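Quick note: the sequence shown uses full-length UniProt numbering, first residue 1, plus one each step.
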Amino acid sequence: ESGNGRGKGQSLRDRGFGIFGFLAGKAASIVWLSCDWNSERSRFLLSVHGAANEKKVAHLWRLEGAKERLKLVRADLLEEGSFDDAIMGCQGVFHTASPEEIVEPAVKGTVNVLGSCKKNPSLRRVVLTSSSSAVRFKHDIHSNTPLDDSSWSSLQLCQSLEFLVERGKLWYALAKTQAEKAAWEFCTENKIDLVTVLPAFVVGPSLPPDLCSTASDVLALLKGETELFQWNGRMGYIHIDDVALCHILVYEHE
């Protein structure tokens, strides 16, 4: 799903990526494979938390042509201005990272990235990975309730102690909802072209060696550990390749 406020689409020529884990790694590989590397302006800049960790970034260096075209820069979501150098000069920024179950860092990290985007005169569009959890947790929602750009999860419901005790913690939903709201507010105020993508449970092969939290949850379900999912009701799943491609398409097109 994508939010409103879209601007004109841009082709993938100069691009900036925040690479953190499951989705970002796959999105990076899809962009990489789709790029015209014959263009002298083509370049690929990835920001990685802890870029010196060879195990975490080994899959990126295995991409064809990575040694010639790929550059990794270290950045910290919680450090204001940390992304300034990485983002400067990029036409597109894809922010896919969000600390799980931690509300304040998720919001602060998103605003810090957008703050760096604001300083970049070359910026055309930002694509932000939100989550279906930012729209589907409400007291009055039913299985046939349509969800659209005006839908938001209830912050009061996510924060409710009674709800948390009875049905499971919703810190992730709270963080995603607040982070996306903060992003729209910041981008509207600063006239930044923003598109948001709201996937459900993302499944599929992982480029990094470690299982992401979603894959771990699905594995637990297959092992019969159903308690974690009882409060979720019906759940939607989407393949990682489709989510990654969606990020690329909403960057390129209206």
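No residue lacks a Cβ here, since even glycine has one placed at the ideal position from N, Cα and C. Only a predicted model underlies this, so the values are computations on that prediction, with no experimental measurement involved.
Nearest-angstrom Cα separation, counted from Cys90 out to Lys119: Counted from its first residue, the sequence shown places residue 119 at position 119. Counted from its first residue, the sequence shown places residue 90 at position 90. In a straight line, the C-alpha of Lys119 is about 11 Å away from that of Cys90.
At least three beta-carbon pairs within less than 8 Å, the segment 150-160 to the segment 69-87: no
Span of the beta strand (DSSP E) around Ile238: One-based indexing of the sequence shown puts residue 238 at position 238. According to the DSSP assignment, Ile238 belongs to the beta strand (DSSP E) that extends over 237-239.
Segment limits, beta strand (DSSP E) that includes Phe137: In the sequence shown, counting from the first residue as 1, residue 137 sits at position 137. Premise fails: Phe137 is in no beta strand (DSSP E) and is neither H nor E.
Residue environment, Gly224, which counts as buried when at least 16 other CB atoms sit within 10 Å: On the sequence shown, residue 224 is found 224 positions in, with the first residue counted as 1. Gly224 comes out exposed.
Residue of Thr145, Leu128, Leu157 minimising C-alpha distance to His139: On the sequence shown, residue 139 is found 139 positions in, with the first residue counted as 1. Closest by alpha carbon: Leu157.
Alpha-carbon to alpha-carbon, Leu198 and Ile240: Indexing the sequence shown from 1 puts residue 240 at position 240. Indexing the sequence shown from 1 puts residue 198 at position 198. Cα to Cα, the separation comes out at about 13 Å.
Secondary structure of Arg13, DSSP reduced to three states: On the sequence shown, residue 13 is found 13 positions in, with the first residue counted as 1. Confidence in Arg13 is poor, its pLDDT being 41 and thus under 50, which makes the residue's placement too unreliable to answer from.
Buried versus exposed call for Gln159 [16 or more other C-beta atoms within 10 Å across all chains shown]: Start at 1 with the first residue of the sequence shown, and residue 159 comes out as number 159. That one is exposed.
Thr196 and Thr145 closer than 9 Å at C-beta: Taking the sequence shown and counting its residues from 1, the one referred to as residue 196 is at position 196. Taking the sequence shown and counting its residues from 1, the one referred to as residue 145 is at position 145. Contact: no.
Cβ contact check for the segment 179-193 and the segment 215-222: 3 or more pairs under 8 Å: no
Euclidean distance between Cα positions of Glu104 and Leu123: Indexing the sequence shown from 1 puts residue 104 at position 104. Indexing the sequence shown from 1 puts residue 123 at position 123. Going by the C-alpha atoms only, they are around 26 Å apart.
For Val111, the nearest candidate out of Ile141, Asp210, Leu78 (CA to CA): Taking the sequence shown and counting its residues from 1, one reaches residue 111 at position 111. Nearest C-alpha to Val111: Leu78.
Span of the alpha helix (DSSP H), counted from its first residue to its last, around Leu155: Reading the sequence shown from its first residue, position 155 is the one you call residue 155. Taken as a continuous stretch (DSSP letters only), the alpha helix (DSSP H) holding Leu155 covers 155-159.
CA-to-CA distance, Ala183 to Ala66, given in whole angstroms: Along the sequence shown, one-based indexing puts residue 66 at 66. Along the sequence shown, one-based indexing puts residue 183 at 183. For Ala66 and Ala183, the distance between alpha carbons rounds to 31 Å.
Val126 versus Asp148, Val250, Val203, Leu194, residue with shortest Cα-Cα distance: If you number the sequence shown from 1, residue 126 lands on position 126. Of the candidates Asp148, Val250, Val203, Leu194, the one whose C-alpha sits nearest the C-alpha of Val126 is Leu194.
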